[in-house]
Amino acid sequence: MNNVESRTPPASEDLERRTLIGSVELRAAAEGSKSPGTLVGYAAVFSQLSLDLGMFREKLAPGCFTDSLKTDDVRGLVNHDENMLIGRNVAGTLRMEQDEIGLHYEIDLPNTSVGHDAAENVRLGNMTGCSFSFTTDVDQWDMTGAIPIRTVVKVRKLYDVGPVTYPAYEQTSVACRSFNAALRQREIPPTPPITTLLAKARQRLAEAQLIPNS
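Those letters in the sequence shown? Residues -8 to 205, per the working numbering, in order.
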């Protein structure tokens, strides 16, 4: 059986979020501009393995944003909050492109309280991470190693990018469902919950105590 499997997740709008730490910086605005500055950084890095998510690790395939960058109306948000809007690609205040490293972005911050707060927090080092929200169209699982590797091959829709206060790599329900589906395709049972394993261990211990010493 093939150890590397491609599949298309269910057609549901399951939002996923990924974060890079230390991936945002502030550049001065052009002379005469009312903008407090331009945020520059990478929202995503290709081919870089995530932290251990407990069941698997993950990476983004080069070019996975190609289709979404052509069609999606993407916002620049602070902490994924739609009320803290700082840019939009169709307005030209958010610019994104893929290169050999990953998904590069620039956001011309607006002359608003949210824009000024974002600029100051990045300048002071209070905000050091960048995150993006997306849904997955195609992912791929490699089961050959000690821990399975999920590769996001194609992003279905890119929703937003921007700075975040608490950088964290989130384990999402859609990724877990995709992992379990890949296991079912390989006829490998998923790992039992820790509560089940503990219950079995207690049962074995109790049975051992009932056996008299020889």
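For glycine and all other residues, C-beta sits at the position ideal for the given N, C-alpha and C.
Contact check, residue i vs residue j, beta carbons under 8 Å
i	j	result
G106	P154	no
R114	L17	yes
H71	R8	yes
G120	S41	no
A34	L76	no
A110	V69	no
I98	L30	yes
For residue i, the three-state DSSP class (helix, strand or coil)
i	result
I179	For I179, the predicted structure reports a pLDDT of 49, less than 50, and the residue's modelled location is therefore unreliable. A value from the coordinates is still provided. In the structure shown, I179 sits in coil (DSSP, three-state: anything other than H, G, I, E or B).
D58	helix
H93	Note that residue 93 corresponds to Gly in the displayed sequence, not to His. Residue state, collapsed to three classes: strand.
Q131	strand
L115	helix
R8	strand
S104	helix
V65	coil
N74	strand
Q194	helix
Among the options, the one whose alpha carbon lies nearest that of residue i
i	options	result
D90	F123, G32 and A109	G32
E73	D58, G23 and Y150	Y150
L214	R66, T126 and L30	No answer is possible for residue 214: it lies beyond the span of the chain, which begins at -8 and ends at 205.
M87	M118, M134, R66 and P139	R66
L6	E111, F123 and D130	F123
V129	N117, K148 and A137	K148
V36	T29, L30, F56 and T62	F56
G54	S104, I92 and N112	I92
Straight-line gap, residue i to residue j (C-alpha atoms, nearest Å)
i	j	result
V146	S38	14 Å
I179	V144	With a pLDDT of 49 at I179, under the threshold of 50, the predicted position of this residue should be treated as unreliable, though the coordinate-derived value follows. Answer to the nearest angstrom: the Cα atoms are 23 Å apart.
P139	M46	7 Å
D58	A137	32 Å
G83	P101	12 Å
K116	Y96	Reading off the sequence, residue 116 comes out as Gly, not Lys. Each residue's Cα considered, the two are about 19 Å apart.
M118	T156	5 Å
G252	D64	Lying before the first or after the last residue shown, residue 252 is absent from the chain, which here runs from -8 to 205.
A19	M134	47 Å
Y131	L11	One point to set straight first is that residue 131 is Gln, not Tyr, in the sequence displayed. Computed Cα separation, rounded: 22 Å.
K61	V81	11 Å
V152	Q194	49 Å
Q162	N112	Residue placement at Q162 is poorly supported in this model, since its pLDDT is 47, which falls under 50; the coordinates are not used for a value here.
L85	E49	27 Å
T103	A21	17 Å
Please give me, in chain order, every unbroken run of the beta strand (DSSP E) with length at least 3 that falls completely inside the region 25 to 52.
For the region 25 to 52, the full-length beta strand (DSSP E) segments reaching 3 residues or more read 29 to 36 and 48 to 51 along the chain.
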